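S.K.: Residue numbers (the working numbering): 2 to 211.
Using N, Cα and C, we set each Cβ at its ideal position, and we do this for glycine too.
Remember, predicted model here, so these are calculated numbers, not experimental data.
I'd like to ask you about the structure that follows.
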């Protein structure tokens, strides 16, 4: 994973700092919007969350969902386990899905990749999406959300995005180019209204053939 972890960005590796920052800028609220406006459009019986962080999105998923959260940070996973200790049908694992055997990844109706693709190069991103396609049920969906650079966006948004820890922030078209051809369809929306601060996010929804 390619990201800057020096200076002020380093403290974001601490779960309590990460959670506070996410709440203040509206990232937690943006996950609620994703669940209300995108997740709710289809089945979410079994959910795989890649780069789950401290799993704050779990709060907004249906209580009946079987949830599997994956992250590369053991401290984030430990915080997620503590936060959701009483939540049934949920598990959290410190693992890189691209390094897991295909059958070790749970089959799912919905895969969420929130704020991950802009941390990894094209090859790794495509491989991750291919792996998730293999584990999705027929008609299942993959939802990705990442910062993006677009013409006409607020200047402060562009400057903030350029300072992101991730080193692979892309245009909406570049995110779309990552989608494997095996998906039946995909659509990308650019959202400027997801956070409390000026910021632009590309939301891509990919659907597997039924």
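1) Taking all protein chains shown into account, do 16 or more other C-beta atoms lie within 10 angstroms of the C-beta of residue 51, making it buried, or fewer, making it exposed?
2) Using the Cα positions of residue 26 and residue 195, report the straight-line distance between them to the nearest angstrom.
3) Do you know how far the Cα of residue 209 is from the Cα of residue 92?
4) Which of the three DSSP states is assigned to residue 77 in this structure?
5) Where does residue 203 fall in DSSP's three states?
6) Excluding the 5 residues flanking residue 34 on each side, which residues of the same chain have their C-beta closer than 7 Å to its C-beta?
7) Within 10 angstroms of the Cβ of residue 217, are there 16 or more other Cβ atoms? Answer buried if so, exposed if not.
8) Looking at the structure shown, is residue 72 part of a helix, part of a strand, or coil, going by DSSP?
9) If we ignore side chains and look at the alpha-carbon of each, how far apart do residue 30 and residue 57 end up?
10) Okay, do the segment 167 to 187 and the segment 142 to 154 touch, 3+ Cβ pairs below 8 Å being the bar?
11) By the three-class DSSP mapping on this structure, what secondary structure does residue 149 have?
12) Taking the alpha carbon of residue 149 as the point to measure from, which residue in 133, 135, 116 and 122 has its own alpha carbon closest?
13) From the DSSP output, in three-state form, read off residue 111 for me.
14) Buried or exposed: where does residue 32 fall if 16 or more other Cβ atoms within 10 Å of its Cβ makes it buried?
15) With a Cβ-Cβ cutoff of 8 Å, do residue 98 and residue 132 count as a contact?
M.R.: Here's the rundown:
1) buried
2) 10 Å
3) 24 Å
4) helix
5) strand
6) 195
7) Past the edges of the chain, shown from 2 to 211, lies residue 217, and the structure says nothing about it.
8) strand
9) 10 Å
10) yes
11) strand
12) 116
13) strand
14) buried
15) yes
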